[in-house]
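**Student:** In UniProt numbering, the protein residues as written are 1 to 134.
1) Which stretch, first to last residue, makes up the alpha helix (DSSP H) that contains residue 38?
2) Give a single yes or no on whether residue 4 has its beta carbon closer than 6 angstroms to a heavy atom of the ligand GDP.
3) Using three-state DSSP, classify residue 20 as helix, strand or coil.
4) Going by beta-carbon coordinates alone, are residue 42 and residue 28 separated by less than 7 angstroms?
5) Would DSSP call residue 46 helix, strand or coil?
6) Classify residue 53: buried if its beta carbon has 16 or more other beta carbons within 10 angstroms, exposed otherwise.
7) Between the C-alpha atoms of residue 59 and residue 68, what's the straight-line distance to the nearest angstrom?
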């Protein structure tokens with residue numbers, strides 16, 4: 001996803017993990033994808049891969065994907081966690097009570113009440129987002 005967002009031309013090779021090719025078994029024994037190799041160095045941790053790609057594929061040739069305001073990343077994770085809890089909740093009345101609660105103000109974000117419809121996901125529900133990223 002990072003390569004695609006940065007506009008890098010790449011190819012994807014799918015591998016049956018039950019019948020790994022020998023070169024793949026020797027490359028990163030005991031680990032499962034995703035992993036990346038660069039100059040004969042293997043990176044297997046997803047966070048390390050992300051940091052590595054951000055360092056190597058840097059501006060001006062490639063876009064910078066990290067947020068301008070670090071608080072935006074935390075707010076995005078909060079919104080995702082609330083939405084995940086909302087769609088997994090089997091008691092709709094609990095969702096309504098959750099939406100009525102006041103949220104604390106966060107720096108770098110504008111407070112808003114925008115409605116996100118999840119009907120595109122086939123859920124037929126609506127999620128209220130209280131934050132707008134600047």
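Using N, Cα and C, we set each Cβ at its ideal position, and we do this for glycine too.
**Tutor:** Based on what the coordinates show:
1) For residue 38, there is no enclosing alpha helix (DSSP H); the enclosing beta strand (DSSP E) has its first and last residue at 36–38.
2) As far as ligands go, the structure on display features none, and thus does not contain the ligand GDP.
3) If DSSP states are grouped into helix, strand and coil, residue 20 belongs with coil.
4) Going by C-beta atoms, residue 42 is nearer than 7 angstroms to residue 28.
5) Reduced to three states, the DSSP call for residue 46 is helix.
6) Note on residue 53: 16 or more other CB atoms within 10 angstroms of its CB, so buried under the neighbour-count rule.
7) Here the alpha carbons of residue 68 and residue 59 stand approximately 14 angstroms from one another.
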